[in-house]
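Residue numbers (the working numbering), protein chains in the order written: chain U, 219 to 368; chain Z, 219 to 368; chain D, 219 to 368; chain F, 219 to 368.
Ideal placement from N, C-alpha and C gives every residue a C-beta, glycine not left out.
Quick caveat, the model's predicted, so the values are computed rather than measured.
Set out below in structure tokens:
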């Protein structure tokens with residue numbers, strides 16, 4: 219994915235980019251927290267994002283985890299840059315069942331060209347959080363707004 | 219994700235499981251080919267599954283790739299078993315732009331407990347295919363229909 | 219890799235297993251810390267484990283990281299079980315240069331069949347630690363001492 | 219890892235780089251084939267690269283697989299460039315037992331900055347090859363000989 223960085227206000231940039239993401243709207247995801255190097259994106263379980271047993275589908279979990287990691291990376295970058303996922307790996311450790319699913323993205327190592335980011339995905343039930351997935355992603359810094367990598 | 223295997227007809231089992239996937243319907247994905255060890259799932263690019271520059275979002279690509287790999291694994295398993303993605307890794311190598319996006323899942327090594335599957339994702343434009351992503355996944359065999367992993 | 223668990227003393231089991239690893243001896247790795255769910259393995263940079271610019275080679279970093287993660291997983295398992303790496307992913311974020319390289323393995327989620335473990339690899343120079351690599355691994359529990367997977 | 223490309227003869231560059239790798243010599247690995255986009259590196263099983271049950275250790279497999287993938291990437295690059303592994307993932311699908319272990323590296327997609335390469339690792343026994351591991355790696359192009367990434 220590509221995210222722009224058109225202003226020097228990282229939160230405004232990230233919220234503006236998020237609002238243009240068709241898939242996030244389709245999934246019903248919300249951008250719940252934007253801090254430097256830390257971004258949270260949440261989902262409410264519902265049938266349109268489920269797999270056949272009613273759990274939130276791995277594809278929806280991956281999407282919010284990848285976004286949370288990517289925006290966390292973007293929050294530390296200068297204006298005029300975007301980021302793109304070169305690759306990610308995600309491990310699923312428990313079923314995605316609960317009142318709310320939240321992906322918490324953070325930056326492991328910020329570099330000039332490549333940034334290593336990760337996202338933990340939690341299911342919340344009755345005020346308790348349980349880890350359900352862990353993503354690590356290699357993000358590429360892209361100069362300029364149309365910077366889709368080769 | 220979990221996929222059931224309620225009959226000994228692998229294609230029927232896979233088509234029936236696919237039809238119950240809420241997220242696949244939300245994404246507009248179609249199950250285009252089901253052979254032993256080879257499954258294709260396709261998408262038509264549209265705004266509801268895009269990122270901000272109009273390309274199909276990485277999250278949607280990952281979802282169809284994970285499914286194609288998982289159903290390819292399931293096609294080789296005995297009736298009464300399901301599969302679950304323990305983890306996957308996906309590399310994105312070109313932007314997802316074209317008339318049609320297709321994920322082609324295959325089995326690298328089928329094991330009793332773990333199966334290594336992969337999916338290549340292609341963008342089709344004017345009759346030409348271009349590789350845009352590559353996924354490798356560890357699938358876990360699950361006995362019985364509610365076999366969500368620990 | 220497979221690691222045995224022949225007694226109920228996890229530290230003794232792990233130290234005994236480590237002592238039998240031909241590659242660890244070849245690399246000159248040492249087992250520096252064994253706690254429940256936390257294991258550290260270290261290396262001293264030298265020419266026999268270097269790449270052409272004199273940094274410790276990625277292959278040696280991966281080996282100690284995989285071991286540290288695997289023994290961390292094993293430390294939480296009952297006697298009579300072993301673990302085996304089904305897969306791992308490692309990101310390299312800085313060159314492996316320093317006085318000492320240490321891989322710190324920990325358990326993210328312990329399951330009956332699969333355990334998600336990770337290892338952070340640090341380079342130490344003048345008393346300072348710097349993160350140089352991050353590994354996440356899926357470990358499989360193996361019953362009995364010869365439990366090589368399928 | 220970093221590999222130089224000091225001349226326009228890719229095979230000479232690769233053989234020269236390989237000869238300077240301390241770890242390859244320690245492991246007893248040999249560079250058996252160098253073609254454009256295809257490189258093979260082999261090992262003979264022996265106690266110094268084993269784990270405790272006598273199989274070749276995962277760390278040694280990863281090292282030759284990472285190298286084979288990296289040199290395959292380098293074989294397609296212009297003189298004066300090197301490559302570095304940003305990350306790799308490896309799945310182990312069968313025990314590393316046999317007369318000879320060979321890692322066959324190839325290029326999935328060559329890009330200006332990033333190249334996706336993979337390596338299949340086979341165990342040979344009595345003239346038969348069996349797949350034992352699969353690696354996918356993101357390689358970064360590095361300009362100049364000391365191009366260690368950020």
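Through-space distance from residue j to residue i, alpha-carbon basis
i: residue 271 of chain F; j: residue 279 of chain Z; result: 41 Å
i: residue 340 of chain Z; j: residue 312 of chain Z; result: 9 Å
i: residue 229 of chain D; j: residue 289 of chain D; result: 10 Å
i: residue 337 of chain U; j: residue 242 of chain F; result: 35 Å
i: residue 283 of chain D; j: residue 296 of chain D; result: 22 Å
i: residue 208 of chain Z; j: residue 264 of chain D; result: Outside the displayed range of chain Z (219 to 368) lies residue 208 of chain Z, so it cannot be described from this structure.
i: residue 237 of chain Z; j: residue 299 of chain Z; result: 18 Å
i: residue 255 of chain U; j: residue 259 of chain Z; result: 36 Å
i: residue 362 of chain U; j: residue 301 of chain U; result: 10 Å
i: residue 354 of chain U; j: residue 261 of chain Z; result: 26 Å
i: residue 327 of chain D; j: residue 333 of chain D; result: 6 Å
i: residue 329 of chain F; j: residue 356 of chain F; result: 10 Å
i: residue 365 of chain D; j: residue 310 of chain U; result: Because residue 365 of chain D carries a pLDDT of 32, less than 50, the predicted location of this residue cannot be relied on, and the following value inherits that uncertainty. Taking the straight line joining both Cα atoms gives about 24 Å.
i: residue 324 of chain D; j: residue 351 of chain U; result: 16 Å
i: residue 233 of chain Z; j: residue 308 of chain U; result: 26 Å
i: residue 269 of chain F; j: residue 319 of chain F; result: 15 Å
i: residue 287 of chain Z; j: residue 250 of chain Z; result: 14 Å
i: residue 346 of chain D; j: residue 275 of chain D; result: 21 Å
i: residue 235 of chain U; j: residue 306 of chain U; result: 20 Å
i: residue 285 of chain D; j: residue 314 of chain F; result: 17 Å
i: residue 317 of chain F; j: residue 240 of chain Z; result: 50 Å
i: residue 246 of chain U; j: residue 349 of chain Z; result: 29 Å
i: residue 253 of chain Z; j: residue 231 of chain Z; result: 12 Å
i: residue 273 of chain F; j: residue 293 of chain Z; result: 32 Å
i: residue 342 of chain U; j: residue 227 of chain F; result: 58 Å
i: residue 392 of chain Z; j: residue 360 of chain D; result: With chain Z represented from 219 up to 368, any question about residue 392 of chain Z goes unanswered, as that position is not in the structure.
i: residue 331 of chain U; j: residue 331 of chain D; result: 38 Å
Nearest-angstrom beta carbon gap, residue j and residue i [assumed within contact, 8 Å]
i: residue 335 of chain F; j: residue 291 of chain F; result: 5 Å
i: residue 267 of chain D; j: residue 244 of chain F; result: 6 Å
i: residue 257 of chain F; j: residue 304 of chain F; result: Their Cβ separation, rounded to whole angstroms, is 19 Å, which puts residue 257 of chain F and residue 304 of chain F out of contact at 8 Å.
i: residue 277 of chain F; j: residue 344 of chain D; result: With a Cβ gap of about 28 Å, residue 277 of chain F and residue 344 of chain D do not count as contacting.
Bridge partners - residue i, DSSP secondary structure assignment
i: residue 337 of chain U; result: U/323, U/353
i: residue 260 of chain D; result: D/248, D/320
i: residue 346 of chain F; result: F/343
i: residue 307 of chain U; result: U/354, Z/307
i: residue 229 of chain Z; result: DSSP output for residue 229 of chain Z lists no bridge partner at all.
i: residue 302 of chain F; result: F/358
i: residue 332 of chain F; result: F/358
i: residue 253 of chain F; result: F/256
inquiry  = What are the residues in the region 299-326 of chain U lying within 7 Å of chain F by C-beta distance?
reply    = Correct list: 304, 305, 307.
Contact list for the region 345-365 of chain F against chain U, Cβ threshold 9 Å = From the region 345-365 of chain F, only 354, 356, 358 have a Cβ closer than 9 Å to chain U.
message = My parser needs the alpha helix (DSSP H) runs of 4 or more residues fully inside the region 260-295 of chain D; what are they?
response = Those alpha helix (DSSP H) runs which fall completely within the region 260-295 of chain D and span 4+ residues are 276-292.
task = Closer than 9 Å, Cβ to Cβ, to anything on chain F: give me those residues from the region 241-269 of chain Z, in chain order.
result = Result list empty, no residue passes.
ask   = Which of the residues in the region 331-343 of chain D, read from start to end, lie with their CB under 7 Å from any CB of chain U?
value = So the list reads 334, given in the order they occur along the chain.
task = Report the residues of the region 278-300 of chain Z with a CB closer than 7 Å to any CB of chain U, ordered along the chain.
result = Listed in chain order, the positions of the region 278-300 of chain Z with a beta carbon within less than 7 Å of a beta carbon of chain U are 278, 280, 281, 284.
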